[in-house]
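The listed protein sequences correspond, in order, to chains A and B. The first sequence: position 171 = 170 (numbering that gives the first Met the number 0), numbered continuously. The second sequence: position 316 = 315 (numbering that gives the first Met the number 0), numbered continuously. Think of the CB as a built atom: it goes at the ideal place given N, C-alpha and C, for glycine as much as any other residue. Worksheet for the structure shown next.
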Amino acid sequence: MDAYDAGSTARPGPDEEPQHAASAVAPPPAPPSPEPRTGVAALSMRYQIGAALALAVVAIAVCVHIGMVFLHVAPPNTVTKQHGKAIDDWIYPEFEQNWKLFAPNPLQQNIAVQVRAEIGTADGGTRTTGWYDLSAQDGRAIDGNLLPSHTQQNELRRAWDFFVATHDAQNRPVGLRGALSETYLRHIVELRLDRADAAGEGGVVERVQVRSRTTPVPPPKWSDEQVSDKPTYRVLPWWWVPTDGTDRANGTDPAGASEGGAR
Amino acid sequence: MNRFSLAVSTGIARVTESALGPYQTAVIRIGFTATWLLFLLREFPHRHELYGPEGPWDFDLAQQLIGTNGSFTALIWSSSGLWFEAVYAFAVLTSVLLLLGWRTRTMSVLFMVGVLSLQNRSIFMGDGGDNVLHLMCVYLVFTRCGQVWSLDERRARLAGEEHARGERVGPDRVGPALWSVLGFALAAATVAGRLDGDLTVPVILWGVWLGLGVWWIVGRLARTAQPRILLDVVGNIVHNGALLVIMAEACLIYATAGWYKIQGSRWQDGTAVYYPLHLDYFSPWPALADLLSSSGAMVLLITYGTVAVQVAFPFTLFNRRVKNVLLAAMITEHAVIAVVLGLPFFSLAMIAADAVFLPTSFLRRLGGWAARARARLSRLVTRRGDDRTPPPEPRTPENPEQAHVGFTA
C-alpha cells in the first residue's frame with residue numbers, strides 16, 4: 000500500500016531519525032506542549048470510541064470511492080451492468096475520468112476541420128470563400144512551440160470529437176448535447192473566420208459550411224504496410240449565422256439552424 | 000491470531016497518530032498548484048476564448064450543459080465580464096497561496112473552487128492533464144499537505160520558539176477573520192441557490208468550514224486536552240485516507256492506460272508510438288519525431304517499454320527498489336512527452352502525481368538543495384540591499400521536540 004513509507008521507515012537509515020518534524024498539526028492554535036503523547040493511546044475510552052467511529056467511516060468511504068472509480072474506468076462488466084446507475088451517481092460530475100490515453104490504439108489519421116463561408120458583400124451580392132483549413136492553422140501554431148495553448152491544441156480538435164460523438168451518420172444531432180455541439184462548432188468557425196477577416200470590408204458572413212478531411216498517417220518507412228493516402232471528407236450542411244450577433248434566442252435551436260441551411 | 004491482532008493494532012496506531020507522508024503530500028501540493036498556476040499564466044492571453052462569457056463555448060451553452068449535470072462552477076453565477084476576471088484572478092491567487100502553504104487547509108478549498116470553476120465552465124477545452132488536476136484538487140482538500148515546506152509550518156515553528164522563550168504568543172486573528180468572511184460568502188451562495196447542483200462540492204465546502212470552526216473552538220475553550228487530541232486523530236485519519244485515495248488514483252491511471260493499450264493491435268505490433276508523433280496536433284518538432292521513429296526497433300522498444308511500465312507500476316509498489324526505478328522511468332517519459340508531443344501541462348500534472356511515490360530520503364535531499372539555493376539567493380540580495388541580517392531559516396524543520404507528527408513510526 001504505502002510503498003514509500005514501508006520502505007523508508009522499515010529500514011531507517013542513519014539520516015532518517017526523528018529530526019524531521021512536521022509541526023503544522025493545527026493550523027490556527029499552536030498546540031501547547033504539556034502532552035507529549037498523541038494518537039489514540041492518549042485518549043480516554045470515551046474519546047477512543049469517537050476515534051474508532053471516525054476510522055470506520057473514513058475506511059468505508061475510501062474503499063467505496065476507490066471501488067467506484069475502479070468500476071468507472073474498468074471495461075463494462077457484470078457488476079457495472081447491474082449497478083451502472085449507482086456508479087454513475089457516485090462518479091458524475093466531479094470524478095469523471097478517462098485514461099485510455101492513445102489506447103487501445105493511437106489515432107492513426109490526421110483529421111483536419113475546414114470551413115468556408117458565404118459572404119454577403121457590401122454591394123448586396125454574395126460570394127463563397129475557399130476552404131480555410133483551421134486544423135492546419137492550429138498545426139502551424141503548435142510547430143516549434145514549447146507551450147502550445149489549449150486554444151490551439153484542444154479547442155477545435157475536441158469540439159469536432161464532440162460533434163462526431165453526438166451526431167449520426169447523416170449529421171443529425173442526437174439529444175441536447177448534439178444541439179450544443181453544433182452551436183459550439185459554429186461559434187469556433189465564426190471566430191476563426193473573423194480572425195482571418197474572411198468577410199472583407201463591408202461584408203458579412205451569412206452562412207458557414209464545415210467539413211472534415213481525414214488523411215491516414217503514412218506508415219513508417221521501415222514498414223511494408225500499404226495505406227491509401229487519399230483523404231476522405233465528411234461535409235456538413237450549410238449553417239446560417241444569426242445576424243444580430245447573439246444567438247441566445249434561436250441559435251441553440253439547431254434544428255432550425257440546420258434545416259435552414261440544408262436546402 | 001495473536002500476530003494478526005498485533006498487526007491490526009500497529010496499523011491503527013500508525014494511521015491515527017500521525018499524518019503520513021508529510022513530504023510527499025507537500026510535494027504534490029507544490030506540484031499541482033505550480034502546474035495550475037503556470038497554465039493560468041500561459042493561457043492569460045487566451046482566457047476569454049477558453050472560459051469567458053463571450054468565448055465559443057459561451058455562457059448560454061455552458062448554462063445548458065451544467066443544467067443537465069449539475070457540476071460546480073462559480074463562473075455560471077454571472078455572465079458579467081468583471082465576474083469572470085475576478086474568478087480568474089482568484090484562481091491565480093489561490094494557487095500561489097496554496098503553493099506557499101499559507102493557511103493550507105483553507106487555501107486548498109479555495110484552490111479547488113478555482114480549478115473546478117474554470118474547468119467545469121468549459122469542459123471541452125481540457126485534456127488528460129486537466130482531468131488529473133480536477134481530481135487531485137478535490138483530494139488535496141482532505142490532506143494535511145502543509146506539514147512541511149509551507150508558511151504554516153514556518154509560522155508554527157516561530158510560535159513554538161517564542162513560546163519556548165517564554166514570550167506570550169498572541170491569538171491568531173487572521174484565521175478567524177478568514178473563516179468568518181468565507182462562512183458569510185458560503186452562506187450567501189447557498190441562500191441564493193448557487194449551490195443547488197450536485198452535492199459533492201457544497202458538502203465539502205460546508206464540511207471543511209464547520210470542521211475548521213470546531214477545531215478553533217476546541218483549541219480555545221476545551222478544558223482538557225482530550226477533545227483536541229481527538230480532532231488531531233480524526234485529521235490524521237482523514238489525511239491518511241486521502242493519501243491512499245491519491246495513490247490509488249495514480250495507480251488506476253497507469254493501470255487503465257496500460258491494460259487498454261495491451262488490447263490494441265498497434266501496441267502489439269510495436270508501432271504505436273510512431274503514430275502520435277505524426278499527428279499534426281501532437282508534433283511540435285517534426286524533425287525530432289522523425290529522428291525518434293527512424294528505427295523500427297527503437298519504436299518497438301519504446302512501445303513495449305511504455306506498456307510494460309504502465310501495467311507493472313502498481314505491482315512494483317510492494318518493492319521499494321523496483322518501484323523507484325520505474326518511477327524514474329515514468330518521470331523521464333513524461334518529461335520527454337512534454338516536449339516531443341507538446342503536452343507540457345499534462346506532463347507536469349502527471350509528474351506531480353508520480354511524486355507522491357517518491358522516497359522521503361530523496362525529497363528531503365531535494366528540500367535541502369532548495370533551502371541552500373534560497374539561502375544563497377537571499378545572501379546575494381541582502382549583500383546588495385541594506386545590511387539588515389535576516390535570521391537563517393532552515394527549510395526543513397529540525398526541531399526534535401516537535402517530531403511527533405513526523406514520518407517516523
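Assigned with DSSP and collapsed to three states, A102 of chain A falls in coil, not helix or strand. For E53 of chain B, no alpha helix (DSSP H) run applies, since DSSP gives it neither H nor E.
Across the set A:G199, A:R194, A:V240 and A:S134, the C-alpha of A:V240 shows the shortest separation from the C-alpha of T182 of chain A. The beta carbon of G182 of chain B lies closer than 6 Å to those of W208 in the same chain, with the five residues before and after it left out. At a cut-off of 7 Å, the C-beta of L139 of chain B has no neighbouring C-beta in chain A. The Cβ atoms of L190 of chain A and A116 of chain A lie no closer than 7 Å to each other.
The beta carbons of W215 of chain B and A25 of chain B sit no closer together than 7 Å. Bounds of the alpha helix (DSSP H) holding Q136 of chain A are L133 to I141.
Counting only the Cα atoms, H149 of chain A lies some 11 Å from F345 of chain B. Residues of chain A with a Cβ closer than 7 Å to the Cβ of S78 of chain B do not exist, since the nearest Cβ in that chain sits about 10 Å away. Among the CB atoms of chain B, one or more fall inside 7 Å of the CB of A50 of chain A. At a cut-off of 7 Å between beta carbons, S148 of chain A contacts chain B. Contact annotation: A73 of chain B and V91 of chain B have beta-carbon atoms that are not nearer than 7 Å. Residue pairing from DSSP leaves W101 of chain B without any beta-bridge partner.
Neighbours of H186 of chain A in chain B, taken as residues at a C-beta separation under 9 Å, are given in chain order as G54, P55, W56, D57 and L60. Put simply, the CB of Q225 of chain B is near chain A, with a gap under 7 Å to one of its CB atoms. Contact between H238 of chain B and R102 of chain B does not hold, since their C-beta atoms are separated by about 17 Å, which reaches or exceeds 8 Å. Rounded to the nearest whole angstrom, the CA to CA distance from V61 of chain A to N235 of chain B is 14 Å. Between L146 of chain A and R41 of chain B, the C-beta gap is smaller than 7 Å, which places the two residues in contact. V131 of chain B is classed as buried because its beta carbon has at least 16 other beta carbons within 10 Å across all chains shown. K99 of chain A is positioned such that its CB atom lies closer than 7 Å to that of Y259 of chain B. For M329 of chain B, the nearest beta carbon of chain A is not closer than 7 Å to its own beta carbon. Interface residue (Cβ-Cβ distance to chain B less than 7 Å): Q152 of chain A is classified as such. At a cut-off of 7 Å between C-beta atoms, R156 of chain A counts as an interface residue with respect to chain B. Rounded to whole angstroms, the separation of the alpha carbons of V63 of chain A and L251 of chain B is 15 Å. Burial of Q113 of chain A is indicated by the presence of at least 16 other C-beta atoms within 10 angstroms of its C-beta. The contact set of S222 of chain A on chain B, defined by CB atoms closer than 8 Å, consists of T270 and G295 in chain order. Partner residues in the beta bridge of N109 of chain A, as assigned by DSSP, are A:T214. In this chain, V140 of chain B is not harboured by any beta strand (DSSP E), its DSSP state being neither H nor E.
Within chain A, the residues placing a beta-carbon under 9 Å from that of W284 of chain B are D142 and G143, ordered along the chain.
Comparing alpha carbon positions, the residue from A:V207, A:F162 and A:Q107 closest to Y280 of chain B is A:Q107. In the three-state reduction of the DSSP assignment, W178 of chain B falls in the helix class, which pools H, G and I. A buried status is given to K322 of chain B, since no fewer than 16 other beta-carbon atoms sit within 10 Å of its beta-carbon. Taken through DSSP and simplified to helix, strand or coil, V108 of chain B comes out as helix.
When DSSP reads this structure, Y232 of chain A sits in a beta bridge with A:R212. Taking a C-beta distance under 7 Å as the contact criterion, V355 of chain B and I245 of chain B qualify as a contact pair.
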